[in-house]
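At position 147 of the sequence shown the residue is numbered 147 (my numbering), and the sequence of numbers has no breaks. Here the structure comes first, spelled out in structure tokens, and everything after it is commentary.
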Amino acid sequence: MEQVPRAAFVPTGSLTGAYADQALPIDCGQSISQPYVVAYMTERLALKPHHRVLEVGTGSGYQAAILSKLVREVVGIERYRTLADQARERLKAGGYNNVEVIHADGMDGWPDRAPYDRILVTAAADEAPAALIEQLADDGVMIMPRGPHNGPQHIVKLAKRQTPESVTLDEERLIAVRFVPLLAGKAREL
């Protein structure tokens, strides 16, 4: 995380708090997660240099930039065109060349590049979207906040095990959190 300047990924008005351990507002009513949560989720992915990672909810691009320092390829999905365009610009300016940001519906993932060794979801849902489970590689790991928008949420670690007969997800419930909801569809801007 020391190699990625958080200040490059926050709005100009939030620069004074860029390195505080707190979430900060970004455009489209979204937020950039607090550094502790970014580090926690990244660590729980147990990344290897050869991994391909799908990030759902790219937002400002900060988490994608951190992931790019640890793996060979990051595919970021962002439902808001405004945020996707801004993240692309920031990542390009920072030289994060192994990240592709796509304006799409995060609930659908991005099957063109599947399977993914790891999937990181940065918005809360009651359940993991079926399309994301399908795009997760065998022995892959998904980290996501789970729970209702107005209720208790926890980060969960889902490990996929696939046999010829079945697919199972081993689940580990981790820390309590509060995230924006994972919404279906995509938006041009707000």
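For each residue, glycine too, the CB sits at the ideal point set by N, CA and C.
With a threshold of 6 Å on Cβ separation, who are the neighbours of Glu-73 within its own chain once the five nearest residues in sequence on each side are excluded? Excluding sequence neighbours, Glu-73 sits near Arg-52, Asn-98.
For the beta strand (DSSP E) that Arg-79 lies in, which residues bound it at each end? Unbroken run through Arg-79: none, as it is neither H nor E.
If you follow the alpha helix (DSSP H) that Leu-132 is in, where does it begin and where does it stop? Leu-132 -> alpha helix (DSSP H) spans 130 to 135.
Would you report the Cα separation of Glu-171 and Leu-45, rounded to the nearest angstrom? Between Glu-171 and Leu-45, the C-alpha separation is close to 13 Å.
Closest to Met-144 by C-alpha separation, out of Pro-111, Pro-164, Pro-181, would be which residue? Closest in alpha carbon position to Met-144, among Pro-111, Pro-164, Pro-181, is Pro-181.
Do Val-177 and Leu-158 have their CB atoms nearer than 8 Å? The answer is no: Cβ separation not under 8 Å.
Whether Ile-77 touches Glu-43 by CB criterion (8 Å): Cβ atoms of Ile-77 and Glu-43: not closer than 8 Å.
Counting only runs of 4+ residues fully inside the region 101 to 167, write out the alpha helix (DSSP H) ranges in chain order. Counting only runs of 4 or more, we get 130 to 135.
Roughly how many whole angstroms lie between the Cα atoms of Ala-130 and Arg-90? Computed Cα separation, rounded: 31 Å.
Measure the Cβ-Cβ separation of Lys-186 and Arg-79 and say whether it is below 8 Å. Cβ atoms of Lys-186 and Arg-79: closer than 8 Å.
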